[in-house]
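Numbering (our numbering), first residue to last: 1 to 267.
Here is the structure:
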């Protein structure tokens with residue numbers, strides 16, 4: 001009887017711990033996308049991104065981020081002569097796929113990366129470099145194909161076919177994002193909002209670049225958080241205006257935020 005009571009108490013304790021450790025963004029907006037409308041998904045993506053930014057941005061980093069967001073807004077909201085917007089079109093075009101997508105515990109905001117990267121075109125880019133729905137390079141696919149826990153179809157399908165296939169490329173992107181997020185959240189110990197925003201930046205700029213800039217802050221005794229990271233990234237770009245990689249890194253998350261705002265206003 002005592003053993004049974006102990007087991008029950010242990011189970012209740014584990015459930016309580018699991019519930020307590022649930023990410024705060026789950027409580028804000030997370031719901032499976034299956035069976036939901038375009039409008040619901042657009043509003044959820046916006047709510048999640050707003051949550052991350054509200055919790056991560058402060059001080060000079062916030063000021064710089066908002067300034068860049070304003071500067072790049074026209075690039076995101078531009079429409080052609082028929083009134084079409086490429087990111088809104090990508091959002092609609094992806095719906096038949098993403099409505100049944102298993103997010104694997106990730107925020108719906110990850111989908112914004114695919115809209116920005118390829119505008120949801122499977123054959124965009126160069127097969128020698130960035131290519132496919134998520135604009136993944138061959139080296140990333142090769143590395144992930146070596147992991148024993150990824151589906152056999154990913155391991156056995158050729159690189160270009162993986163990148164051009166909506167489901168396979170998205171599964172690979174999720175593995176890639178999960179590894180970045182795990183490092184920033186569980187190894188480096190950033191808050192969940194900071195960890196996701198750093199993960200999005202690393203997807204574009206590379207984890208090595210992000211880690212080096214963070215190490216630079218820490219070496220100077222500056223608190224390592226997303227706001228200070230972004231402030232330093234922006235300042236570095238201002239000193240090197242011709243560096244295309246730095247410019248892309250500075251504009252990446254502001255571009256995602258602008259897409260989230262655009263979609264919310266339209267759906």
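Glycine included, C-beta positions come from ideal geometry on N, C-alpha and C. The structure presented is a predicted model; accordingly, all values stated were derived computationally and were not measured.
Whole angstroms are fine: how far does the CA of residue j sit from the CA of residue i?
i	j	result
residue 108	residue 120	15 angstroms
residue 133	residue 171	11 angstroms
residue 47	residue 256	13 angstroms
residue 269	residue 203	Here the chain covers residues 1 to 267 and nothing more, so residue 269 does not appear.
residue 248	residue 222	24 angstroms
residue 59	residue 231	9 angstroms
residue 266	residue 219	45 angstroms
residue 77	residue 115	13 angstroms
residue 208	residue 199	12 angstroms
residue 224	residue 211	10 angstroms
residue 216	residue 226	13 angstroms
residue 239	residue 148	43 angstroms
residue 180	residue 260	22 angstroms
Do residue j and residue i count as a contact pair if the criterion is CB distance below 8 angstroms?
i	j	result
residue 42	residue 263	yes
residue 174	residue 111	no
residue 258	residue 72	yes
residue 69	residue 241	no
residue 51	residue 193	yes
residue 106	residue 53	no
Cα-Cα, which of the options is closest to residue i?
i	options	result
residue 214	221, 207, 39 and 229	229
residue 143	236, 159 and 37	159
residue 98	130, 37, 124 and 156	37
residue 151	169, 139 and 251	169
residue 64	94, 233 and 113	233
residue 162	205, 145 and 191	145
residue 165	131, 91 and 62	131
residue 122	129, 113, 135 and 128	135
Near residue i, which residues of its chain fall below 8 angstroms by C-beta distance, leaving aside the five closest residues on each side in sequence?
i	result
residue 35	Low confidence applies here, because residue 35 scores a pLDDT of 48, under 50, leaving its location unreliable and the question unanswered by this model.
residue 141	159, 162, 163 and 172
residue 104	174 and 178
residue 49	109, 112, 256, 257 and 260
For residue i, decide whether its Cβ has a neighbour in chain C, counting only Cβ atoms nearer than 8 angstroms.
i	result
residue 68	Going by chain labels, chain C is absent from the structure shown, which holds only one protein chain.
Cutting at 7 angstroms between CB atoms, please list the residues of its own chain near residue i, excluding the five before and the five after it.
i	result
residue 236	246
Within the region 136-181, ranges of the alpha helix (DSSP H) (whole runs, at least 4 residues): 138-145, 152-156 and 159-164
Could you tell me which uninterrupted alpha helix (DSSP H) segments, each at least 4 residues in length, are contained entirely in the region 36-67, listed from first to last along the chain? 38-56
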